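In the numbering used here, the protein residues as written are 1114 to 1198.
Structure, rendered in structure tokens:
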């Protein structure tokens, strides 16, 4: 699964747009501020990959991170099917 903040990917073309997907890690939210945010962002990225895969995507492009609530980082992007150019 390709994940990128870019809206395009080198050597690939988008052949199907499957819509917006998001991921977040809500486990142990009460103690989240005591730990490094990157741990929870990694879990949120894994969550977005799983959500995109369920739609039949092989990539998530345009990923953005919402850290408004540091205790609940959210990752958003567009699930797509990429093919070689």
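Glycine residues also receive a C-beta, built at the ideal position from the N, C-alpha and C atoms.
Owing to the predicted nature of the structure, the values given are computational and were not obtained by experimental measurement.
Endpoints, the beta strand (DSSP E) within which residue 1131 is located: Translated into positions along the chain shown, residue 1131 becomes position 18. Residue 1131 -> beta strand (DSSP E) spans 1125-1137.
Inspect the CB distances between the stretch 1128-1135 and the stretch 1152-1171 and report whether three or more fall short of 8 Å. Yes, the stretch 1128-1135 touches the stretch 1152-1171.
Can you tell me whether DSSP reads residue 1157 as helix, strand or coil? Your numbering for residue 1157 matches position 44 in the chain shown. Three-state result, residue 1157: helix.
If you compare alpha carbons, which of 1177, 1171 and 1179 is closest to residue 1197? In the chain shown, residue 1197 corresponds to position 84, counting from 1. Distance from the Cα of residue 1197 is smallest, within the candidate group 1177, 1171 and 1179, for 1171.
Inter-residue spacing [alpha-carbon to alpha-carbon] between residue 1152 and residue 1178: Within the chain shown, numbered from 1, the residue matching residue 1152 stands at position 39. Within the chain shown, numbered from 1, the residue matching residue 1178 stands at position 65. Roughly 14 Å between the two C-alpha positions.
Return the chain-ordered list of same chain residues with a C-beta closer than 8 Å to the C-beta of residue 1121, the five sequence neighbours on each side being excluded. By 1-based counting over the chain shown, the position of residue 1121 is 8. Close CB contacts of residue 1121 within its chain, under the 8 Å cut and outside five residues either way in sequence, are with 1127 and 1174 (chain order).
Could you please give me the residues that DSSP links to residue 1197 through a beta bridge? As a working mapping, residue 1197 is identified with position 84 in the chain shown. Bridge partners of residue 1197: 1125.
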